[in-house]
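The numbering of the sequence shown is this note's numbering, which starts it at 103 and goes up by one.
See structure below.
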Amino acid sequence: MLDLVQLRSFLAIQQTGSFTRAAEYLRLGQSTVSQHIQKLEAALDRRLIFRDTHRVGLTPDGEVLASHARAMLAIDAQVIDLFAANKLRGQLRFGVSEDFATSRLTAVLEDFIRAYPSVDLQLTVALSGALYEMQDLGEIDLVFAKRRLGDQRGRLVYREPLVWLARDPLQLAAQSAPWPLIAFPPPSITRKLALEALDAGRISWRIVCTCGSLSGLTAAARAGMGVLVQPRSMAPAGLKEVPQDILPQLEDVEFVLVPRNGADQALITALSDQIFSKVGGNLEIS
């Protein structure tokens, strides 16, 4: 019989791409996670994880195991939920900002669905400003998004700096003004902060790409079209930070949880606790 604890470690490595991050995510020692994988590979007589100088990933046998491991853990959660004294049920409409959805959302959702299989979780991904507008209309129960410093809306999860990013910052700096800017459409908070910083520094700018999807903005930035603003921990691969002496420093942003008045408090607390334990505890507050 396969050990569910070992399977959790295995899936955590798949999610994070690192033994170290998997150990932090599970609140275990790295050596313990390594032992789990060794025992799992011994039990199946297959190599499941490969490591090289650049990354950690699944072997073909590991890819086959992954879907079955999720199913086994889901069944385990369903059985526990079936016999739990206090079963959470109902619908929870969850809104998440676009940048967080492309970086850390998967691990949060997997754990929540596994822990509360009877909850109907409905996900909306949009810009922070749009999510707040939808919540004001009663369309979203819990928002996890950015806010500006000084804004009192929501409960702080963590704070971090925004940075300018480009494929080749020095090449862009050598070009004549105005600076080409890649940005979300209004009411994007990062767009507003970027334009305010450029205007305050008397730096001319022009929008060369507008897209509601971070993947589209990233593609434009990787193609060398211009400069993109993102939270530092969410900087897409293939882009470099623009040196601080070239463009003005940007204001930090705060990621917050904002519940809707009248929403099911038990469901709000359950998902909020998942986010605080998986996200808030793993990031340094600037």
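For every residue, glycine included, the Cβ atom is placed at its ideal position computed from N, Cα and C.
Apply the 10 Å Cβ neighbour rule to residue i and answer buried if 16 or more other Cβ atoms are within range, or exposed otherwise.
| i | result |
| --- | --- |
| E143 | buried |
| R191 | exposed |
| Q193 | exposed |
| R257 | exposed |
| D201 | buried |
| I151 | buried |
| P219 | buried |
| I177 | exposed |
| D154 | exposed |
| N164 | Asn is not the amino acid found at residue 164; the sequence shown has Gly there. Burial call: buried. |
| D375 | exposed |
| I387 | With a pLDDT of only 34 at I387, under the threshold of 50, the placement of this residue in the model should not be trusted; the figure read from the coordinates follows. I387 is exposed by the Cβ-count criterion. |
What did DSSP end up calling residue i once you bin it into helix, strand or coil?
| i | result |
| --- | --- |
| R153 | strand |
| A209 | helix |
| D222 | strand |
| F246 | strand |
| V198 | strand |
| F67 | Here the chain has residues from 103 to 388 only, and residue 67 is not among them. |
| I177 | helix |
| T161 | coil |
Taking the CB atoms as reference points, tell me whether residue i and residue j lie closer together than 8 Å.
| i | j | result |
| --- | --- | --- |
| A168 | L160 | yes |
| R250 | I291 | yes |
| L359 | V198 | no |
| P287 | T312 | yes |
| Q117 | A179 | no |
| A114 | L128 | yes |
Nearest to residue i by CA position, among the options, is which residue?
| i | options | result |
| --- | --- | --- |
| V265 | V166, E353 and M327 | E353 |
| E203 | D222, L223 and L229 | The question names Glu, yet the displayed sequence has Ala at residue 203. Comparing Cα positions, the closest option is L229. |
| F196 | K380, S379 and A372 | A372 |
| I309 | W281, E298 and M336 | W281 |
| V331 | L184, K189 and A296 | A296 |
| Q346 | Q367, L300, V355 and P361 | L300 |
| H170 | Y218, A217 and D105 | D105 |
| W307 | Q376, F112, V355 and L349 | L349 |
| Q254 | Q108, A279, F357 and V381 | F357 |
| R293 | A275, G314 and Q277 | G314 |
Quick check: does the Cβ of residue i come within less than 7 Å of any heavy atom belonging to the ligand SAH?
| i | result |
| --- | --- |
| V198 | The ligand SAH is absent from the structure shown, which contains no ligand whatsoever. |
Between residue i and residue j, how many whole angstroms is the CB-CB distance? I'm expecting something under 8 Å.
| i | j | result |
| --- | --- | --- |
| V221 | A268 | 41 Å between Cβ atoms; not a contact. |
| K342 | P263 | Not confirmed; about 15 Å, so no contact. |
| S120 | I139 | At roughly 13 Å, the Cβ-Cβ gap does not stay under 8 Å, so S120 and I139 are not in contact. |
| Q137 | T122 | Wrong, their Cβ atoms sit about 15 Å apart, outside the cutoff. |
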